[in-house]
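Colleague: Would you mind keeping the following structure in view while I ask a few things?
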Amino acid sequence: MIFSSFSFILFFLALLSIYSQAKTTQQRAAILLAGSILFYASWEPIYLLLLGLSLFVNHRLYLGILRHRRRFILVAGIVFNLLVLGAFKYIGLFVETGLWLARLLGFEVAVSRPEWANWVLPLGISFFTFQMLSALIDAYRGDWRREVDFREWCLYVTFFPQLIAGPIVRSKELFDQIENLQPLSSENLRVGAAIFAGGLLKKAVFADNLAPLVDRLYSHPEQLDFAISWLATTAFGLQIYLDFSGYSEMALGLGWMLGVQLPRNFKYPYISRNFSEFWTRWHITLSQWLRDYLYIPLGGSRCSLPRTYTNLMITMLLGGLWHGAGWTFVFWGFLHGIYLVVYHRMAAAYGAIGMNSEEGVGRFVSWLGLPLTFVLTSFTWVFFRALSFTDAWTISGAMLGLASPGDDIVAVRLFEIVLVGFTFLLVMAEPFLVGFLQKRGIEWWWTKIPFPVRGVVYASFTLLIVVLGGYTQKFIYFDF
Numbered sequence: 010m011i012f013s014s015f016s017f018i019l020f021f022l023a024l025l026s027i028y029s030q031a032k033t034t035q036q037r038a039a040i041l042l043a044g045s046i047l048f049y050a051s052w053e054p055i056y057l058l059l060l061g062l063s064l065f066v067n068h069r070l071y072l073g074i075l076r077h078r079r080r081f082i083l084v085a086g087i088v089f090n091l092l093v094l095g096a097f098k099y100i101g102l103f104v105e106t107g108l109w110l111a112r113l114l115g116f117e118v119a120v121s122r123p124e125w126a127n128w129v130l131p132l133g134i135s136f137f138t139f140q141m142l143s144a145l146i147d148a149y150r151g152d153w154r155r156e157v158d159f160r161e162w163c164l165y166v167t168f169f170p171q172l173i174a175g176p177i178v179r180s181k182e183l184f185d186q187i188e189n190l191q192p193l194s195s196e197n198l199r200v201g202a203a204i205f206a207g208g209l210l211k212k213a214v215f216a217d218n219l220a221p222l223v224d225r226l227y228s229h230p231e232q233l234d235f236a237i238s239w240l241a242t243t244a245f246g247l248q249i250y251l252d253f254s255g256y257s258e259m260a261l262g263l264g265w266m267l268g269v270q271l272p273r274n275f276k277y278p279y280i281s282r283n284f285s286e287f288w289t290r291w292h293i294t295l296s297q298w299l300r301d302y303l304y305i306p307l308g309g310s311r312c313s314l315p316r317t318y319t320n321l322m323i324t325m326l327l328g329g330l331w332h333g334a335g336w337t338f339v340f341w342g343f344l345h346g347i348y349l350v351v352y353h354r355m356a357a358a359y360g361a362i363g364m365n366s367e368e369g370v371g372r373f374v375s376w377l378g379l380p381l382t383f384v385l386t387s388f389t390w391v392f393f394r395a396l397s398f399t400d401a402w403t404i405s406g407a408m409l410g411l412a413s414p415g416d417d418i419v420a421v422r423l424f425e426i427v428l429v430g431f432t433f434l435l436v437m438a439e440p441f442l443v444g445f446l447q448k449r450g451i452e453w454w455w456t457k458i459p460f461p462v463r464g465v466v467y468a469s470f471t472l473l474i475v476v477l478g479g480y481t482q483k484f485i486y487f488d489f
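Going by the working numbering, the first residue of the sequence shown is number 10, and it counts up by one from there.
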């Protein structure tokens with residue numbers, strides 16, 4: 010069930026109806042857990058076995074760490090989770106890379122990976138694995154040291170708004186809320202419905218209508234010239250932002266309606282003026298996870314400059330690999346790592362001559378970073394979206410003006426160009442529009458309307474979006 014589908018909306022309304030009848034926190038937790046399991050089973054029921062095994066083993070490890078605080082228990086937990094992730098997500102990449110190396114060394118081996126290495130990726134495995142890893146590490150560090158029963162543990166991991174594609178929630182952010190689930194309130198329903206509707210608008214109206222254009226252009230990389238290649242990549246950059254931030258806002262809205270506040274995952278990343286800022290605005294919970302559990306343990310920025318830059322590169326390479334079982338994703342992470350290293354070098358140099366201030370020349374240089382960051386980020390999306398390195402090199406070559414497709418250029422309609430341009434302007438104006446509305450207090454008059462009337466408006470708006478949008482498109486991050 011996709012959040013933007015009729016089936017999910019009916020499922021959620023039914024769940025709300027049942028949830029509203031619960032009298033105790035325990036009953037509310039049981040209803041949410043049952044609903045979350047049903048939600049996951051609607052995708053691929055067989056993987057409930059994997060999810061259940063992972064939940065059981067990690068809960069035992071979590072309790073073991075709390076009671077004994079032995080390092081080997083934490084190591085066992087890390088190894089177990091990485092083995093599960095490697096077996097179900099990366100086995101195909103490992104086999105394919107092994108076959109390539111064997112052919113390179115002159116051995117006669119199969120040209121393509123065997124069928125057994127092509128199994129369907131369990132939905133949400135990267136997200137729920139990282140979420141359980143963070144709980145184990147936090148317990149060992151002492152950041153969170155409260156025992157929870159198996160039901161609470163299962164709900165912490167499987168809470169359906171964030172189960173499939175995040176946000177990645179820390180134990181201290183969710184366990185207390187699970188323990189104190191409150192009855193439904195009109196205020197939470199109002200705020201949550203508004204957040205959900207905004208995310209649905211991003212996903213169903215904009216991201217899903219950009220998808221056919223992106224798919225068509227990226228399926229003909231050899232037919233792209235300079236202008237069309239930039240159009241394709243800009244369209245994908247907008248699509249993935251609107252798709253993923255739309256999902257995240259829908260997840261936040263669903264949680265809010267149920268009285269659970271999930272962390273924000275996006276904060277207008279395309280207005281970033283440098284790459285360090287970009288990673289504080291894009292996929293925030295993953296960025297924080299990589300920072301706290303990988304970059305800082307490696308030494309962070311407390312080391313020598315070469316070591317600091319090495320830590321950055323390792324973090325971004327593994328961040329790229331987390332996104333997908335392909336070397337194109339690793340290269341995407343590599344490019345972002347290079348960008349971050351170059352930025353930190355330049356920031357240090359500018360600081361030495363006083364150009365990193367927000368006044369005079371420093372302010373001009375800072376704002377010049379906005380279009381530069383957007384352009385360079387767009388260039389990296391080629392390797393994120395392309396199906397192979399061959400396609401990625403072809404498209405990136407076209408973006409650099411090195412392609413000569415001749416007369417065989419893929420056709421693009423005027424409407425599609427207008428759609429990309431209009432969407433780009435909306436995305437760039439989004440933070441300023443939101444800020445303007447908040448300053449003017451535009452919400453005030455809306456809160457004076459009786460809640461039942463507002464409920465009808467929200468329901469009608471949601472129905473209109475689902476009908477008008479391309480709601481059959483799954484979320485891009487479901488593949489990760």
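C-beta: ideal position from N, C-alpha, C; glycine also.
1. Kindly give me the distance between the Cβ atoms of F205 and G262, rounded to whole angstroms, as I take these residues to be in contact under 8 Å.
2. On the DSSP letters alone, give me the boundaries of the alpha helix (DSSP H) that S413 sits inside.
3. Looking at L251 and A216, is the spacing between their C-beta atoms short of 8 Å?
4. Quick one: using the 10 Å Cβ neighbour count with 16 as the cut-off for buried, is S13 buried or exposed?
5. Is there contact between the region 267 to 282 and the region 213 to 230, where contact requires at least three CB pairs shorter than 8 Å?
6. Please indicate yes or no: does the CB of D252 lie closer than 7 Å to some heavy atom of the ligand FAD?
7. With three or more beta-carbon pairs closer than 8 Å as the criterion, would you say the region 161 to 177 touches the region 63 to 70?
8. Once DSSP output is grouped into helix, strand and coil, what is the label at S194?
9. Measure the C-alpha to C-alpha separation of S194 and Y28 and round it to an integer number of angstroms.
10. Counting C-beta neighbours from all protein chains within 10 Å, is the total for H77 16 or more, i.e. buried, or is it exposed?
11. For G201, tell me which candidate among A39, Q270, M141 and E156 has the shortest Cα-Cα distance.
12. For W341 versus T403, is the C-beta distance shorter than 8 Å?
13. Can you give me the start and stop residues for the alpha helix (DSSP H) that I495 sits inside?
14. Output the distance between the C-alpha atoms of L377 and A241, rounded to the nearest integer angstrom.
15. Rounded to a whole number of angstroms, what is the C-alpha to C-alpha distance between E491 and Q186?
16. Report buried or exposed for A50, applying the criterion of at least 16 other Cβ atoms within 10 angstroms of its Cβ.
17. From this set, T138, L75 and G95, which residue's C-alpha is nearest D152's C-alpha?
18. Counting only the same chain and skipping the five closest in sequence on each side, list residues whose C-beta sits under 8 Å from that of L327.
19. Got a sec, what are the start and stop residues for the alpha helix (DSSP H) K181 sits in?
20. Measuring only the C-alpha atoms, how far is E182 from F392?
21. Which residue comes first and which comes last in the alpha helix (DSSP H) that contains S405?
22. Could you pull out every residue in the same chain whose Cβ sits closer than 8 Å to the Cβ of F89, ignoring the five residues on either side in sequence?
23. Going by C-alpha to C-alpha distance, which of Q297, S313, G335 and L381 sits closest to L396?
24. In the structure shown, what three-state DSSP assignment does S238 receive?
25. Rounded to whole angstroms, how far is the Cβ of L130 from the Cβ of F97, which I believe are closer than 8 Å?
26. Using the Cβ count rule (16 or more neighbours within 10 Å means buried), how would you classify W453?
27. Check this for me: beta carbons of L233 and V419, under 8 Å apart or not?
28. To which residues of the same chain is F24 closer than 6 Å at the C-beta, ignoring the five residues directly before and after it?
29. Quick one: grab the DSSP three-state call for L316.
30. Just curious, the alpha helix (DSSP H) that Q140 is in, first and last residue?
31. Quick one: grab the DSSP three-state call for F168.
32. In whole angstroms, what separates the C-alpha of V339 from that of F424?
Modeller: Result, derived from the coordinates:
1. Walking along the sequence shown from the start, residue 205 turns up at place 196. Walking along the sequence shown from the start, residue 262 turns up at place 253. Correct: roughly 3 Å between the Cβ atoms.
2. Along the sequence shown, one-based indexing puts residue 413 at 404. Careful: S413 lies outside any alpha helix (DSSP H) and carries neither H nor E.
3. Locating residue 216 in the sequence shown gives position 207, where the first residue counts as 1. Locating residue 251 in the sequence shown gives position 242, where the first residue counts as 1. Annotated as proximal: A216 and L251, with beta-carbon spacing under 8 Å.
4. Numbered from 1 along the sequence shown, position 4 holds the residue referred to as residue 13. It is buried - the Cβ of S13 has at least 16 other Cβ atoms within 10 Å.
5. Contact between the region 267 to 282 and the region 213 to 230 is absent, because fewer than three Cβ pairs lie under 8 Å.
6. Of ligands this structure carries none, so the ligand FAD is not represented either.
7. By the Cβ criterion, the region 161 to 177 is in contact with the region 63 to 70, since at least three pairs of Cβ atoms, one from each stretch, lie closer than 8 Å.
8. Taking the first residue of the sequence shown as 1, we reach residue 194 at position 185. S194 sits in coil when the DSSP states are folded into three classes, being neither helix nor strand.
9. Position 185 of the sequence shown, counted from the start, is the residue given in the question as residue 194. Position 19 of the sequence shown, counted from the start, is the residue given in the question as residue 28. Taking the straight line joining both Cα atoms gives about 12 Å.
10. On the sequence shown, residue 77 is found 68 positions in, with the first residue counted as 1. H77 comes out exposed.
11. For the purposes of this step, residue 201 is taken as residue 192 along the sequence shown, with counting starting at 1. Closest option to G201, judged by alpha-carbon separation, among A39, Q270, M141 and E156: Q270.
12. The count along the sequence shown starts at 1 and reaches residue 341 at position 332. The count along the sequence shown starts at 1 and reaches residue 403 at position 394. Taking 8 Å as the cut-off, the Cβ atoms of W341 and T403 do not count as close.
13. Here the chain covers residues 10 to 489 and nothing more, so residue 495 does not appear.
14. Position 368 of the sequence shown holds residue 377. Position 232 of the sequence shown holds residue 241. Whole-angstrom Cα-Cα distance: 24 Å.
15. Limits of the chain in this structure are 10 at one end and 489 at the other, which puts residue 491 out of reach.
16. As a position in the sequence shown, residue 50 is number 41, starting the count at 1. Classification of A50: exposed, given that the 10 Å Cβ count is below 16.
17. Locating residue 152 in the sequence shown gives position 143, where the first residue counts as 1. Per the Cα distances, L75.
18. Numbered from 1 along the sequence shown, position 318 holds the residue referred to as residue 327. For L327, where only same-chain residues beyond five positions count, the Cβ hits under 8 Å are L299, L303 and G342.
19. On the sequence shown, position 172 is the one that residue 181 refers to. Start and end: S180 to E188.
20. Locating residue 182 in the sequence shown gives position 173, where the first residue counts as 1. Locating residue 392 in the sequence shown gives position 383, where the first residue counts as 1. Near 34 Å, if we compare the C-alpha coordinates of F392 and E182.
21. Along the sequence shown, one-based indexing puts residue 405 at 396. S405 -> alpha helix (DSSP H) spans F398 to M408.
22. To locate residue 89, count along the sequence shown from 1; it is residue 80. These residues qualify, in order along the chain: V66, N67 and L70.
23. Counting from one through the sequence shown, the residue named residue 396 turns up at place 387. Closest option to L396, Cα to Cα, is G335.
24. Position 229 of the sequence shown, counted from the first residue, corresponds to residue 238. Three-state DSSP puts S238 in a helix.
25. Locating residue 130 in the sequence shown gives position 121, where the first residue counts as 1. Locating residue 97 in the sequence shown gives position 88, where the first residue counts as 1. Confirmed, Cβ separation roughly 7 Å.
26. Position 444 of the sequence shown holds residue 453. With a pLDDT of 45 at W453, under the threshold of 50, the modelled position of this residue cannot be trusted, and the question is left open.
27. Within the sequence shown, residue 233 is the residue found at index 224, counting from 1. Within the sequence shown, residue 419 is the residue found at index 410, counting from 1. Judged by their CB atoms, L233 and V419 are nearer to each other than the 8 Å cut-off.
28. Along the sequence shown, one-based indexing puts residue 24 at 15. The question names Phe, yet the displayed sequence has Leu at residue 24. Within the same chain, L24 has close Cβ partners G44.
29. Locating residue 316 in the sequence shown gives position 307, counting from the first residue. The question names Leu, yet the displayed sequence has Arg at residue 316. Note: R316 maps to helix in three-state DSSP.
30. On the sequence shown, position 131 is the one that residue 140 refers to. Unbroken alpha helix (DSSP H) run through Q140: I134 to R150.
31. Stepping through the sequence shown from its first residue, residue 168 is reached at position 159. Reduced to three states, the DSSP call for F168 is coil.
32. Along the sequence shown, read from residue 1 onward, the residue named residue 339 stands at position 330. Along the sequence shown, read from residue 1 onward, the residue named residue 424 stands at position 415. Cα to Cα, the separation comes out at about 34 Å.
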